[in-house]
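Residue numbering for the sequence shown follows this note's numbering, beginning at 2 and increasing consecutively.
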Amino acid sequence: MQQPRVDTDAIGAGEGLQPVAPWSAWVSRQGWARWWACHVPRSWAQWWATSSWRQPLQRVLWGLEGMLYLLLALMLCHALFTTGSHLLSSLWPVVAAAWRHLLPAILLLVLSALPAMLFTASFLLLFSTLLSLVGLLASMSHTGHTQDLDQ
2 MQQPRVDTDA IGAGEGLQPV APWSAWVSRQ GWARWWACHV PRSWAQWWAT
52 SSWRQPLQRV LWGLEGMLYL LLALMLCHAL FTTGSHLLSS LWPVVAAAWR
102 HLLPAILLLV LSALPAMLFT ASFLLLFSTL LSLVGLLASM SHTGHTQDLD
152 Q
């Protein structure tokens, strides 16, 4: 539980117990309006309420916000570009070494697999030819399904 605060002046004489108000109460609209009414001269309050200063100020603030966002975007692009270029420059030797060692290995793999692929292709071609021949012979043996080409 919070203890009440005692405000004292320079010589220590207190004003008695004062309720402790949280800072959010002062920030509220009513607290701000009370402070404004007590501390700001009437001419300023009248100028605040009647002048058309808000729209130009809002435009200036929006322009500043746009420039800040543009600056932030440029800084982000610069960071990404420099990071990417450093990464690529550090990875280039790795890629070159891998290419130098992998290219012969891939070529050797393809060349060593070439006879097996050629054998498989020729086997499939021969097998499909045999199946077609068997199908032709089977269709020729059934007289009901054949057509006379002379007609």
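For every residue, glycine included, the Cβ atom is placed at its ideal position computed from N, Cα and C.
Rounded Cβ spacing between Ala46 and Trp37 (contact assumed at less than 8 Å): Taking the sequence shown and counting its residues from 1, the one referred to as residue 46 is at position 45. Taking the sequence shown and counting its residues from 1, the one referred to as residue 37 is at position 36. The beta-carbon separation of Ala46 and Trp37, rounded to 7 Å, stays under the 8 Å limit for a contact.
Ser53 - DSSP class collapsed to helix/strand/coil: Position 52 of the sequence shown, counting from 1, holds the residue named residue 53. In the structure shown, Ser53 sits in coil (DSSP, three-state: anything other than H, G, I, E or B).
For Val95, three-class secondary structure by DSSP: The sequence position of residue 95 within the sequence shown is 94, counting from 1. In this structure, Val95 counts as helix in the three-state DSSP scheme.
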